[in-house]
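Just below is one structure, and these are the notes that go with it.
Protein chains in written order, with the working numbering: chain A, 293 to 470; chain B, 293 to 470.
So this is what it looks like as structure tokens:
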């Protein structure tokens with residue numbers, strides 16, 4: 293499954309770390325790419341690129357002010373658009389319909405998401421009907437889309453980074469290559 | 293299963309929103325309580341209490357500078373201590389051992405976690421071996437501990453808040469009681 297992520301409404305300085313977490317979860321959980329809208333943020337881009345450079349993989353981050361055109365573009369390319377919002381139908385009731393898709397765009401919003409997004413989405417999905425975190429909602433959906441495979445030891449091989457961790461029960465085993 | 297959360301090393305202003313997300317994920321995913329250490333933060337406490345007041349439930353937040361004593365206290369009370377760290381053994385390899393526990397304390401760290409935590413924990417667990425987000429790691433572990441039940445429509449009933457959402461496919465249905 294090809295998974296891309298769209299982060300809406302990035303605000304500075306408020307969302308600096310949250311959007312970084314959204315991007316790093318996307319990468320660690322196997323998404324290929326994140327696009328963000330809202331305010332442009334070079335420091336976000338360079339911290340994500342820094343992680344990719346050290347920890348490996350081909351994850352990309354890019355900015356696009358016009359999220360509606362991003363959504364339409366993805367739909368044209370055959371991606372199923374999944375918008376995460378606590379107002380929507382609970383994930384377990386929709387899971388089965390999205391698991392078989394080949395290409396998925398997961399959309400995570402900030403404070404207020406325009407109505408257009410609810411309408412352009414193929415599925416609006418709630419990860420609980422309580423307020424919590426777009427970082428958590430994204431992680432849960434990426435986990436379900438991939439049936440937990442992203443958590444397995446073998447999944448880590450795809451990154452081939454300069455830094456690699458060797459799972460350790462009580463401490464830290466870090467391998468670094470120049 | 294009774295689940296409590298311990299957040300280590302809260303730093304101001306850096307962790308303001310991340311720790312808020314950690315607390316709200318704990319609540320929304322069914323934990324009963326969060327304790328945080330690091331810097332004391334009244335604004336964190338009041339924003340979490342504000343959510344509980346409006347959205348319901350009995351979730352509590354409290355501060356304790358001495359996280360080692362918190363850990364020891366929980367162990368004495370029969371809680372299994374699970375520490376989340378990317379350095380540890382992947383979750384799928386340990387999942388089976390933690391699912392049957394009755395009382396669990398999930399520990400999430402900030403930048404640098406003292407060695408003592410790795411040693412006091414009953415299990416150190418990695419939610420991927422890549423850097424991403426303690427918010428995501430926490431959500432995934434709470435999801436696994438409860439076998440996804442926290443995402444189901446029925447789970448929401450336990451909150452009985454002044455604000456309640458009625459799952460809606462394309463918009464927002466909000467019920468408010470005074």
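Glycine is no exception: its CB is placed at the ideal position from the N, C-alpha and C atoms.
On a predicted model such as this, the values are computed, not experimentally measured, just so you know.
Which residues in chain B sit within 8 Å of residue 366 of chain A, going by Cβ to Cβ distance? Going along chain B, no residue has its Cβ under 8 Å from residue 366 of chain A, so there is no contact; the nearest lies around 19 Å.
Hey, which unbroken runs of the beta strand (DSSP E) at 3 residues or more fall wholly within the stretch 370–411 of chain B? 372–382 and 395–400
Do residue 410 of chain A and residue 462 of chain B count as a contact pair if the criterion is CB distance below 7 Å? yes
So if DSSP puts residue 327 of chain A in a beta bridge, which residue, or which two residues, is it bridged to? A:298 and A:354
So what does DSSP say about residue 413 of chain A, is it helix, strand or coil? coil
8 Å contact criterion, which residue 323 of chain A and residue 295 of chain A should meet: CB distance rounded: 4 Å
To the nearest angstrom, how far is the alpha carbon of residue 398 of chain A from that of residue 300 of chain A? 11 Å
Would you say residue 360 of chain B reaches chain A, if we count a Cβ-Cβ gap shorter than 7 Å as a contact? no
So residue 437 of chain B contacts chain A; which residues on that side make the cut at Cβ distance below 9 Å? Ordered by position in chain A, no residue passes the 9 Å Cβ test against residue 437 of chain B, which lies about 13 Å from the chain.
Just curious, the beta strand (DSSP E) that residue 467 of chain A is in, first and last residue? 466–468
Helix, strand or coil for residue 303 of chain B, going by three-state DSSP, please let me know. coil
What first and last residue would you give for the beta strand (DSSP E) that runs through residue 443 of chain A? First-last for residue 443 of chain A: undefined, no H or E at that position.
For residue 432 of chain B and residue 310 of chain A, the rounded distance between their alpha carbons: 17 Å
My output table needs one value for residue 342 of chain A: the three-state DSSP class, helix, strand or coil. helix
In angstroms with no decimal places, state the Cα-to-Cα distance between residue 318 of chain B and residue 358 of chain A. 34 Å
Here's a check: name, in chain order, each residue in its chain whose Cβ is nearer than 8 Å to the Cβ of residue 341 of chain B, leaving out the five neighbours to either side. 353
May I ask which residues mark the beginning and end of the beta strand (DSSP E) holding residue 450 of chain B? Where residue 450 of chain B is concerned, there is no enclosing beta strand (DSSP E), given that its DSSP letter is neither H nor E.
Please report whether the beta-carbon of residue 402 of chain A lies at a distance below 7 Å from any beta-carbon of chain B. no
Beta carbon proximity, residue 464 of chain B to chain A, threshold 7 Å: yes
Please report the straight-line C-alpha distance between residue 445 of chain B and residue 412 of chain B, rounded to a whole angstrom. 36 Å
Hey, quick one: how far does the alpha helix (DSSP H) through residue 361 of chain A stretch, first residue to last? 359–368
Nearest CA to the CA of residue 328 of chain A: which residue from A:430, A:406 and A:315? A:315
8 Å CB neighbourhood of residue 298 of chain A in its chain, flanking five on each side removed: 326, 327, 328, 329, 359, 362, 363, 366, 397, 398, 399 and 400
Any idea if residue 375 of chain A is buried or exposed, counting beta-carbon neighbours within 10 angstroms, 16 or more meaning buried? buried
For residue 378 of chain B, count neighbouring C-beta atoms within 10 Å of its own C-beta (all shown protein chains included) and say buried if the count is 16 or more, exposed if not. buried
Nearest neighbour of residue 382 of chain A, chosen from A:440, A:420, A:443 and A:465 [CA to CA]: A:420
Residues in the stretch 334–353 of chain A with C-beta within 8 Å of chain B's C-beta atoms, listed in sequence order? 343 and 347
What does DSSP give as the partner residues of residue 418 of chain B in its beta bridges? B:382
Taking 6 Å as the line, does the beta carbon of residue 420 of chain A fall inside it for any heavy atom of the ligand COA? The ligand COA is absent from the structure shown, which contains no ligand whatsoever.
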